[in-house]
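Take the first sequence: its position 351, counted from the start at 1, is 340 in our numbering, and no numbers get skipped. Positions of the beta carbon are idealized from the N, C-alpha and C atoms, including for glycine. All values derive from a computational prediction rather than experimental measurement. Reading through the structure tokens given below for one structure.
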Amino acid sequence: MSSHQAKRFKYHLNQCYQSKNLNLTKSLHAYILKTSHFLSTSLTLTTSLILSYSLSFDHHHHNTTISTTHFNILTNLFKSIDTSNPFPFNTIVSHLSHHGHPSLALHTLSFMHSNGVVLDSYAFCSSLTAAAAIRSVGFGKMMHAHIEKLGWLSSVYVGSALIDLYVKTSAMNDARSVFDEMPVRNVVCVNALFSGFVEGRMWEDGLNLVRRMRGLGMECDRFTMCGLLRVCAGLAKIELGRQVHGSLIRRVEDFGGDVFLRTSLIDMYGRCGVVEKARHVFDHARIGGGGEGKRDVVLWTSMLGVCGRNGHFEDVIELFKEMLMEGTKPDKIVFLAVISACSYTGNVSQGLQYFESMVGDFGLNPDQEHYSCVVDLLCRAGELERALDLISSMPFKTGTVDNSTRNGGTNNTSLWGALLNACVDSGNVELGKLAAERALEADPQNVGIYVLWSNLCASVGMWDEIEKLRDLIRERGLMKDVGCSWLEVVS
DNA sequence: ATAGGGTTAG
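Have a look at this one:
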């Protein structure tokens, strides 16, 4: 086989890779084997084959497990690669973890480990990213042990990736201790830890970390600033927020072209109640900064959210229209923002219209979160029966997990919780009991539900029921959390 | 031929 031929094969494999065509990959593989023995000597061709296979497998198996047949194909291909050189393996792990196939990346790492391929910082970084993507604490802990044994904890790259993994699995204490024990630190690992504090709404911890940066001889970059704006929003620190805005203008080159920063800035001003300023930042978003006049969906969503939370309902309607006119297609999150805006401002019929338009005009299937939103909308307007009807008509089973959401799945506690909340207000015990039962089926540890239910019981003098609830709470070991709210209810 | 951190809703 000539190198020209090899190039052609590589080109075709790339096509398989792009189109995720398993059968095409299989026949190309067979053809290559029949044509010559070139495959066993061509690393790049083997690598391409592995990637094409991996992508087609996951296409069929939704990224969780692969069949033994497929696993064997991969393993055999792995075995034809010289294990004394980690380079090609690292390339494979990197590709897989960056193209949405984390579990296969981890399979590859396992193969490397059990076949004596040297595990270097590149291998660990890629697989830590993969483990973070599927939120695998177990795999992470295992890798952490290996990393420590091999001395890779001293690498800022590996350290940052490890911190990120712990952050994404909500193990903030582990993240913190990795950070504290790092011999060398830079902005990236600070940002990794900081983003964990921000995501977990641990505003003060985040702020303290940023304050420590000066002492460590580090400057904030745009990632840090972005988090800092969210801290300002969380603590409603408008003055600090203005300072961050000022230093963005002074210090960050073309910050206006950065959607992340603009979005956080709009959100910050909005949560601090300075709607005009948020609008000002939003209105100038199309100018400069590489944008060709069309604004990002996320940018629109943040502005819609700002108007909704501040009760500017007319602006929400207007903005949504403008967004469509500008040619920006709404996504599911835009509708969450818009429908909850209707909910805040008590515009039930418009909220329902948007909900219907979402499916009818834009072909977007509502998630459980959308249903929660509409249930909340109906309940706030006192339409409890309609809310119950809507829940019964949902295409989901109650008590199941919805994996389509960003945080990897929320159950439908919020759905029943919204209904229960409304029942407390209206004193509807019968429906409230049903809602409380369903909510606790989905999440038996949810203290808020116990409190709501006992509030409802107390309001109508059902003291026996409260007594039963109290036993249940003690049984499930939730007494400590419930604390003062419980005492308030009983006394 | 290879590596680490960020935005919107609730």
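A direct Cα-Cα distance of roughly 7 Å separates S291 from I255. Counting along the chain, T213 sits inside the alpha helix (DSSP H) bounded by residues 211 to 224.
Judged by DSSP secondary structure, F385 falls outside any alpha helix (DSSP H); it is assigned neither H nor E. Between N104 and T72, the gap from beta carbon to beta carbon is short of 7 Å. Contact check for V233 against M214 passes: the beta carbons are separated by less than 7 Å. Residue state for G127 is assigned as helix, using DSSP reduced to three classes. D163 and G185 have their C-alpha atoms some 11 Å from each other. Across the set W405, D320, Q434, the C-alpha of W405 shows the shortest separation from the C-alpha of G421.
Taking a C-beta distance under 7 Å as the contact criterion, V147 and S110 qualify as a contact pair.
Minimum Cα-Cα distance from A225 among the listed residues F244, R211, G259, R203 corresponds to G259.
Separation of S56 and L93 (C-alpha to C-alpha, rounded to the nearest whole angstrom) is 12 Å. Buried is the label assigned to G245, since at least 16 other Cβ atoms lie within 10 Å of its Cβ.
Using a 10 angstroms sphere on the CB of R369, the tally of other CB atoms reaches 16 or more, which defines it as buried. In the structure shown, the three-state DSSP call for S443 is helix.
Bounds of the alpha helix (DSSP H) holding C296 are 286 to 298.
Per the C-alpha coordinates, the member of F309, V418, L429 positioned closest to A447 is V418. It is roughly 13 Å from the alpha-carbon of G300 to the alpha-carbon of V263.
In this structure, the beta-carbon distance from A134 to K157 does not fall below 7 Å.
With fewer than 16 other Cβ atoms inside 10 Å of its own Cβ, H273 counts as exposed. Where I70 is concerned, there is no enclosing alpha helix (DSSP H), because DSSP gives it neither an H nor an E. Setting aside the 5 residues that flank it on each side, N180 is surrounded in the same chain by F212, T213, each with a C-beta closer than 6 Å to its C-beta; the list follows chain order.
In this structure, the alpha-carbon of V270 lies about 9 Å from that of T252.
Of the candidates V295, C331, A424, the residue whose Cα lies closest to the Cα of L366 is C331.
Under the DSSP assignment, H234 falls in the alpha helix (DSSP H) whose first and last residues are 227 to 240. Its chain contains S159, M161 as the residues whose beta carbon lies nearer than 8 Å to that of G189, once the 5 sequence neighbours on both sides are disregarded; these appear in chain order. Out of D153, W452, I380, the CA that lies nearest to the CA of T118 is found in D153.
With 16 or more neighbouring CB atoms inside 10 Å of its own CB, E358 falls in the buried class. Nearest neighbour of Q339 by Cα position, chosen from T317, M314, V323, I306, turns out to be I306. With fewer than 16 other Cβ atoms inside 10 Å of its own Cβ, A19 counts as exposed.
The alpha-carbon of G89 is positioned some 16 Å away from that of N79. When secondary structure is reduced to three states using DSSP, R190 falls in the coil class, being assigned neither helix nor strand. Membership of G340 in the alpha helix (DSSP H) is indicated by the continuous run 337 to 349. At a Cβ-Cβ threshold of 7 Å, S443 and S403 do not count as neighbours.
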